[in-house]
Structures are given as structure tokens and as C-alpha cells.
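Enquirer: I'd like to ask you about the structure that follows.
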Amino acid sequence: MLFRTLTRPVVWKGKGLHTGEESCVEVSSSRRPGVFFIHGDREVPLSSLEADGAGRGTTVIFEDGRRIMTVEHLLGALSGLGIWHAVIRVEGKEIPALDGSGRIFTEDLDKAAVGAKDGGLLPFIITNSVMVENPANGAFVAAFPALEPKFTSVINYEDMNPPTQSAEYRYDPSVFPEVIAPARTFVLEREIEGILSRGLARGGSLENALVFGRQGPIGPLRFPDEAPRHKILDLLGDLALLGRPVLGHLFSYKGGHALNIRLVGRLRRISAIN
Numbered sequence: 002m003l004f005r006t007l008t009r010p011v012v013w014k015g016k017g018l019h020t021g022e023e024s025c026v027e028v029s030s031s032r033r034p035g036v037f038f039i040h041g042d043r044e045v046p047l048s049s050l051e052a053d054g055a056g057r058g059t060t061v062i063f064e065d066g067r068r069i070m071t072v073e074h075l076l077g078a079l080s081g082l083g084i085w086h087a088v089i090r091v092e093g094k095e096i097p098a099l100d101g102s103g104r105i106f107t108e109d110l111d112k113a114a115v116g117a118k119d120g121g122l123l124p125f126i127i128t129n130s131v132m133v134e135n136p137a138n139g140a141f142v143a144a145f146p147a148l149e150p151k152f153t154s155v156i157n158y159e160d161m162n163p164p165t166q167s168a169e170y171r172y173d174p175s176v177f178p179e180v181i182a183p184a185r186t187f188v189l190e191r192e193i194e195g196i197l198s199r200g201l202a203r204g205g206s207l208e209n210a211l212v213f214g215r216q217g218p219i220g221p222l223r224f225p226d227e228a229p230r231h232k233i234l235d236l237l238g239d240l241a242l243l244g245r246p247v248l249g250h251l252f253s254y255k256g257g258h259a260l261n262i263r264l265v266g267r268l269r270r271i272s273a274i275n
């Protein structure tokens, strides 16, 4: 399988979406196949890290309890561009929010990346259907066998117009920067008070999040289906926790990070058995 590599380090600084604190992240090329986080003096494989998707984002957790929040947009950018030889160094508790999408990460990584090469990293091939669900609301995320990587997202929020929206993406690094990366994280206006009461979204604003009120979005949309497109970005980023690309059809219905992480756990266990 062919991958792209970085010719130089790429650095971003900014406030975290949830902590509101300044942080800095650097991504550089790895000589080994895979994605790694710097922890102390070690390069820790992304595929070995525990993850938590319960807090309006994905957090990776190291053996000593260190946590890095909101990794999904950066990981989604790496995965979307086909960059699977990378080392990530983070100073702070959270990846910078930037504009709330994967656009800036993607643009900067794309400028630093060079053409495809055989990276010695086999994809995770979905050979049997796997599904995780939330019976309380009917949400599920599933992986089905397919000949090419494909992502489908269906969302349903009564506050949106229309309430049910969907997006589909056939994996292609050449179009990812235009069709998936710019889609911003979103929230329903009625959810904001509860999110803030949980100590989250301290760095959130209309500069880095899309807000949907009962009358529609507050501010212009980048795509008519921006919300389900963003769910695909999140799914790409969360699945990167497998440490390699996935070959299959990923289908999310009313899904989110918690279900995505549960699916990653199921797939990791399948990989360990096989």
C-alpha cells in the first residue's frame, strides 16, 4: 500500500477547544511505519494507547495516566492524506482547536508531504461485519467488508433543517482536503449550557465551532451537509487509533466518539486474535 511522507516538521500553536489552554503540537516524519506520540523519551505507538470518547472528543491515555485531548482532527488529517509515518509531540493537555475542522492541519501537512511510497504497513481489512450500538437512541457504528475504503455518516437532530442529513465519502487523499477536511465540529445551541457546566468547551467560539440553533445554523455553512461530513472526519481520526488504514465500508448512524472508540476496541481485539 502506498503512503505519503513528511519532508519537514510541521508545528501548530493555539488554544484547546475544551481546556481553553494554549498548547503546541509538532508532527514530523517517522523512520518506522506507523503513527507515534512522544511521551518522555519514548515514541509510543498510537495503536497501543487507550482512548476515551466520552467527553465531546477523543482523548488518548498513556500508561502513567497522562492524557491528550481532542486528537481526532489532527489524526483525521493524517489519515485523510495517507500519512502513516509520523511522530507527534504535544506540549500541553490538548491539540489546538484552530478553526474547529481538519482544514488547517491538512493544508499544512499537505505542503510538507511528498509523493507516495510503499510504506510496509498493511491495512486493517474488514473481513466480517462488526457493529457497536447504543440501544437507548438507536445509534450505531459499523464496519462492513468492501473492496475500497468508504465512509457513510447519517445524523438525525430535530434542531436541524432537515433533521436527517447524510454524507458519503470514498477515500481519496487527492480530494480529502476539499471535501472532508474543512467540515467543522458542531454543537446544538441548546446543548451549550450543559457542556459548559461539565467544564468543557472553555476554548469554544464561533471561530472554531459551528452552532445550530432552532432556526438553523448561526453563521454560514461551508457545505450544506457540513455536519455529517464532520462526522466522517471524526471517524477517520478515531479509526487511526488502529495505527493503520482501514479497508472496508464504515457506516455511522447518529454515531459519535464513544461509539467510534468502542468499534476501535472491537477491531483491536479481532486483530489480536488473528
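Sequence positions in the sequence shown follow this note's numbering and run 2 to 275.
Every residue, glycine too, gets a C-beta built ideally from N, C-alpha and C.
Everything numeric in this text was worked out from a predicted model, so none of it was measured.
May I ask you to report which of helix, strand or coil DSSP gives S272?
Expert: helix
Enquirer: If you run the structure through DSSP and keep just helix, strand and coil, what is V1?
Expert: Within the shown structure, residues of the chain are numbered from 2 to 275, placing residue 1 beyond reach of any answer.
Enquirer: In chain order, which beta strand (DSSP E) runs of at least 3 residues are fully inside the segment 83-117?
Expert: With a minimum length of 3 residues, the continuous beta strand (DSSP E) runs that stay inside the segment 83-117 are 86-92.
Enquirer: Kindly list the residues whose CB is nearer than 7 Å to the CB of K16, restricted to its own chain and excluding five residues on each side of it in sequence; keep chain order.
Expert: Cβ within range, chain order: E22, E23, P97, A98, G204.
Enquirer: Where does S198 fall in DSSP's three states?
Expert: helix
Enquirer: Nearest-angstrom Cα distance between P146 and A182?
Expert: Roughly 25 Å between the two C-alpha positions.
Enquirer: Rounded to whole angstroms, what's the CA-CA distance from V72 to V61? Just pull it up for me.
Expert: 7 Å
Enquirer: Which first and last residues belong to the beta strand (DSSP E) in which K255 is found?
Expert: Where K255 is concerned, there is no enclosing beta strand (DSSP E), given that its DSSP letter is neither H nor E.
Enquirer: Roughly how many angstroms lie between the CA atoms of V155 and W13, to the nearest whole one?
Expert: 31 Å
Enquirer: What is the C-beta distance between L248 and P174, in whole angstroms, given that I count them as a contact (C-beta under 8 Å)?
Expert: Taking the Cβ atoms as the reference, L248 lies roughly 15 Å from P174, outside the contact range of under 8 Å.
Enquirer: Check whether the Cβ atoms of G54 and N261 sit closer than 9 Å, and answer yes or no.
Expert: yes
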